[in-house]
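Everything in the sequence shown is counted per this note's numbering, starting at 110 for the first residue and increasing by one.
Quick reminder that beta carbons are idealized off the backbone N, C-alpha and C, glycines included.
Comments concern the structure below.
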Amino acid sequence: MEKKTALFIFGATGDLAKRKIFPGIKLLCKKNPEFLNVDIIGISRKQFGKTEFLSFLKTEIFNSEDISPLEKNTDFISGDFNNDELYSKIEEYILKNGIQKAFIHLSVPPTGYNDIIVKINRLALTSVELFFLSEKPFGNSPAEANKIATSIQANNLSSNFYIIDHYLYKKIVESFLKFRFEISLFESALNKNYVKSIEIKINETSGIEKRSIFYDSTGALTDVGQNHALEMLALVTMDKFDKYNPVSFAEKREWAIKSFEVIDQSLILGQYSSYKTIEGLERSCTETFFKMELKLKSPRWRGVVAKIEGGKKLSKVEKEIKINFKNGDFLLISFNRNSEYIIANINNKEISYFSEKENEEGESYLTEYCKAFNEIILKSDFSKLVTVSEAKFCWNLILPVFNKLKDPNRIVTYNDYSYPLLHKNVENHKKTVGIIGLGKMGGGIAYQLLDKGWNLFVYNRTPEKMADFVKNKANGFNSIKDLCSAMSKPRTILLYLPEGDPIEEVIFSENGLINFLETGDIIIDGGNSNYIDSLRRFKLLEEKGIEFIDMGTSGGPTGARNGATVMVGGKPDVTRSVEYLFESICETGGYTIFSNPGEGHFVKMVHNGIEYGMMESIAEGFELINTYSPEIDLLEVAGNYSSGSIIESKLIVWLWQAFLIYSNKLDTISHITPHTGMGDWTVETGKKLGVDVKVIEDSLNFRITAKSNPRFAGKIVTAIRHMFGRHDKD
């Protein structure tokens, strides 16, 4: 610490200062003598001088213990927070004592932040580095948080205002981050491919004790949900940060939080039974317990569900992170501050890496605030502080949930020292679907669903294709009418047929689905249909009361068999009713439900147009390399590009496989690549909407002219298409 530094504590005689701030400061003075050079100035309305304030600290906070470490560098300024006279005293103190760096700790209710910020910022302190520190929660509502954030921004303090979340200073956090990022085997398993779900629990057996006024204005969700729980989840899901860049840690946490989405119907709220017996709370609808689920939407975690919960007067203390892996293993990390050890275990087997004996003070607010002030004030390390934008986004994330807290009917009463009886109204789906079309895509989907225990009703125009499916316990039928008659209502029929006439015939012909389905039944077109056709089909079927979903499918036969990616359009209530089907046929996070009919096939059309352009770019690049020097090993180039480069992709991996199988020259591969309707449709749609899609149009024209203009690039496009889609290569 090179600059003369002062810590001004607004609300120095309040509850927060008593319980956390001054005990942490006293411990830090004991542990690090350098902190004795920091001026500590208490600010309160109480009519104290320095002597009276020191006496207050000794008797009210430290039970008459020796506080000599605080006597030299502690002072007190009395005044009303709304009175300009108080701020004149603060300005005078700073200038008189040569303070070069000032920390303003707002140990006051959030409603008082704005006046303090504005009045401090008006002082003539241009030569002083000024930082504001506040506590969680950052406001007691989204509206209040936004109001504070607006004031901070208006006073140009966005990069100088931070929120202390003491959980980020826990020893378990340091241990977990070290364990996570230094053990590559563990870090490589933290993604959607291996993790099934994540659970964060912050449950306590204690009640609200003497904090009824504060707690009733916040509740469990505000107290620990939109800060501690979300921050802990961010630590599990964030990308690796740069330890040499102080901004990186907060930035990566914020990015993680921005990829969370609350699952609306998952919210459960509770209140312990004796809560309303507390004076003044007889009619309270404040929750003392919450539980909710969140979807993780980043590419790394997409589709994984996280569950967070926290509350008071529960059956046991549970402060833990649990990572459940798809193979049934789990990693459980306990951060109970009352336990003698920090514990982590895999499948109930303790691992010594985490077992770390606590120091004599125990893992408590005391040591956490000691760490916080040491890092913030002495080391100028703000990496563990929560930024205003981070806190604001946490509020915005739970805003829809917060708005429902006003409904007392959502509050479940639970007995003291028990656990709320939670009932989720989740429909017990029978996992039954009809599939028409058992080709490369439909057949792969059918086999995948059979593997997962689905009851399948199948029909194919050529009956011999059904034989193997029937042998594997699918129900095969010789007509669409027989298939529909055999299925229980409401029926869901999945179509995997070529676009155009085949789809029209199966739905609208004399023997088509429209004649055998009824109101409430659902048709899902999983093929590559034109979105314009899908909109027309949606309207025609809607007139009959039959629901229609357009679902573009990507991933090729391999994806169909092992986990595809689908893009879904339709009426939201209908698409959500069969979401369990999308979950079954997709890899984790592999489906997206859009808001309107036609959007699934529209997005898939654009997907294929992009695919055209990407393959053309790859083909041209490799043709350029081959022309420059036929001696360059294209297999090695593809392998190099697929090993962490910016252009690493599945397409280049498939090209590598093609070179491996068919040689660098691709001698047996045709230079002529067929073009399907989707490339044409994308270009036509671009012209219709006035959007220039030059790259896609050029790649389409390349395929059209390939027959009369043979090029090595054509062989590459054909080879890639063959590898991922099993399209003809000759």
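Met-347 beta carbon less than 8 Å from that of Lys-361
Yes, the pair counts as a contact, with Cβ atoms nearer than the cut-off.
Bounding residues of the alpha helix (DSSP H) (the contiguous stretch that carries Thr-541)
No alpha helix (DSSP H) holds Thr-541; the beta strand (DSSP E) holding it covers 541-545.
Taking buried to mean at least 16 other C-beta atoms within 10 Å of its own C-beta, is Tyr-381 buried or exposed?
Classification for Tyr-381: buried.
Taking Cβ to Cβ, would you say Ile-623 is nearer than 8 Å to Leu-603?
Using a Cβ distance threshold of 8 Å, Ile-623 and Leu-603 do not count as a contacting pair.
Nearest CA to the CA of Ser-808: which residue from Phe-157, Gln-209 and Met-724?
Ranked by how close their Cα comes to the Cα of Ser-808, the residues Phe-157, Gln-209 and Met-724 have Met-724 in first place.
Bridge partners - Leu-423, DSSP secondary structure assignment
Note: Leu-423 is bridge-paired with Ser-527 in the DSSP secondary-structure output.
Would DSSP call Phe-119 helix, strand or coil?
In the three-state reduction of the DSSP assignment, Phe-119 falls in the strand class.
Through-space distance from Ile-272 to Pro-500, alpha-carbon basis
The amino acid at residue 500 is misidentified as Pro; the sequence shows Ala. Distance between the alpha carbons of Ala-500 and Ile-272: 8 Å.
Alpha helix (DSSP H) segments (min. 4 residues) lying fully within the segment 490-517:
Unbroken alpha helix (DSSP H) stretches of 4 residues or longer found wholly inside the segment 490-517: 497-512, given in chain order.
Quick one: residues in its chain with C-beta nearer than 7 Å to the C-beta of Cys-695, no 5 flanking neighbours on either side, listed in chain order?
The beta carbon of Cys-695 lies closer than 7 Å to those of Gly-672, Ala-673, Thr-674 and Val-675 in the same chain, with the five residues before and after it left out.
Quick check: the Cα distance between Phe-821 and Gly-665, rounded to an integer number of angstroms?
Approximately 24 Å between the Cα atoms of the pair.
Who are Gly-151's beta bridge partners in DSSP?
Ile-118 and Phe-185, per the DSSP bridge assignment.
Determine the direct distance from the alpha carbon of Pro-219 to that of Leu-294, and round the result to whole angstroms.
If you draw a straight line from the Cα of Leu-294 to the Cα of Pro-219, it comes to about 43 Å.
Please determine, among Ser-588, Leu-405 and Phe-444, the residue with the shortest C-alpha to C-alpha distance to Asn-312.
Taking each of Ser-588, Leu-405 and Phe-444 in turn and checking the Cα distance to Asn-312, the smallest one comes out for Phe-444.
Apart from the five residues on each side of it in sequence, which residues of its chain come closer than 8 Å, Cβ to Cβ, to Leu-508?
Around Leu-508: Pro-251.
Use the C-beta contact count for Ser-817: other C-beta atoms within 10 angstroms, 16 or more gives buried, fewer gives exposed.
It is exposed - the Cβ of Ser-817 has fewer than 16 other Cβ atoms within 10 Å.
Are at least three pairs of beta-carbons, each pair with one atom in the segment 152-166 and one in the segment 178-186, less than 8 Å apart?
Look at the beta carbons and you see the segment 152-166 touching the segment 178-186: at least three pairs across the two are nearer than 8 Å.
Grab me the residues of Glu-614's own chain with a C-beta within less than 7 Å of its C-beta, minus the 5 sequence neighbours each way, in chain order.
For Glu-614, where only same-chain residues beyond five positions count, the Cβ hits under 7 Å are Gly-621.
Spatial distance of Leu-798 from Pro-706 (CA atoms)
Going from the Cα of Leu-798 to the Cα of Pro-706 covers about 19 Å.
Rounded to a whole number of angstroms, what is the C-alpha to C-alpha distance between Leu-506 and Ile-442?
Distance from the CA of Leu-506 to the CA of Ile-442, rounded to the nearest whole angstrom, comes to 25 Å.
Between the Cα of Ser-527 and the Cα atoms of Gly-316, Ile-208, Lys-140 and Thr-122, which residue gives the shortest distance?
In this structure, Gly-316 is the residue among Gly-316, Ile-208, Lys-140 and Thr-122 with its C-alpha nearest to the C-alpha of Ser-527.
Environment of Gln-262 [buried if 16+ CB atoms lie within 10 Å]
Exposed is the call here.
Please go through the same chain and pick out, in chain order, the residues whose beta-carbon is closer than 6 Å to the beta-carbon of Lys-824, but skip the five residues on each side of it.
Leu-775, Ile-778 and His-780.
Given Val-683 as reference, the closest of Phe-657, Ala-555 and Ser-663 once Cα atoms are compared
With distances taken between Cα atoms, Val-683 lies closest to Phe-657.
Here's the rule I'm using: 16 or more other beta-carbon atoms within 10 Å means buried, otherwise exposed. How should Thr-814 be labelled?
Burial check for Thr-814: the Cβ neighbour count within 10 Å stays below 16, so the residue is exposed.
On a Cα-Cα basis, can you pick out the residue from Ser-618, Arg-830 and Ile-631 that is closest to Tyr-721?
The residue from Ser-618, Arg-830 and Ile-631 with its alpha-carbon nearest to that of Tyr-721 is Arg-830.
When the Cα of Gly-437 is compared with those of Phe-358, Leu-423, Lys-305 and Lys-540, which residue comes out closest?
Comparing alpha-carbon positions, the option among Phe-358, Leu-423, Lys-305 and Lys-540 lying closest to Gly-437 turns out to be Lys-305.
Let's test the definition: count the other Cβ atoms within 10 Å of the Cβ of Thr-114 and tell me whether it reaches 16, buried, or not, exposed.
Counting every other CB atom within 10 Å of its CB across the protein chains shown gives Thr-114 a total of 16 or more, marking it as buried.
Start and end residues, alpha helix (DSSP H) containing Ala-365:
For Ala-365, the uninterrupted alpha helix (DSSP H) segment begins and ends at 355-367.
Near Asn-447, which residues of its chain fall below 7 Å by C-beta distance, leaving aside the five closest residues on each side in sequence?
In this prediction, Asn-447 has a pLDDT of 47, which is less than 50 and means its spatial position is unreliable; what the coordinates show is noted afterwards. Once the five neighbours on either side are set aside, the close Cβ partners of Asn-447 are Val-426.
Once you ignore the five residues that flank Ser-461 on each side, which residues in its own chain have a CB closer than 8 Å to its CB?
A caution first: Ser-461 carries a pLDDT of 49, below 50, which makes its placement in the model unreliable, though a value can still be read off. Exclusion of the five residues before and after Ser-461 leaves no residue of its chain whose Cβ lies closer than 8 Å to its Cβ.
Terminal residues of the beta strand (DSSP E) in which Val-567 lies:
Annotation for Val-567: the continuous beta strand (DSSP E) segment containing it runs 564-568.
Under a Cβ-count criterion, where at least 16 other Cβ atoms within 10 Å of its own Cβ denotes burial, should Lys-112 be classed as buried or exposed?
With fewer than 16 Cβ atoms within 10 Å of its Cβ, Lys-112 is classed as exposed.
According to the Cβ coordinates, are Asn-564 and Thr-601 closer than 8 Å?
No, Cβ-Cβ distance for Asn-564 and Thr-601 is not below 8 Å.
With distance defined between alpha-carbon atoms, name the residue in Ser-588, Phe-350 and Lys-422 nearest to Asn-524.
When only C-alpha atoms are compared, the closest one is Lys-422.
Other residues of its chain near Phe-96: CB distance less than 6 Å, five sequence neighbours each side excluded
Since the first and last residues shown for the chain are 110 and 839, residue 96 lies out of range.
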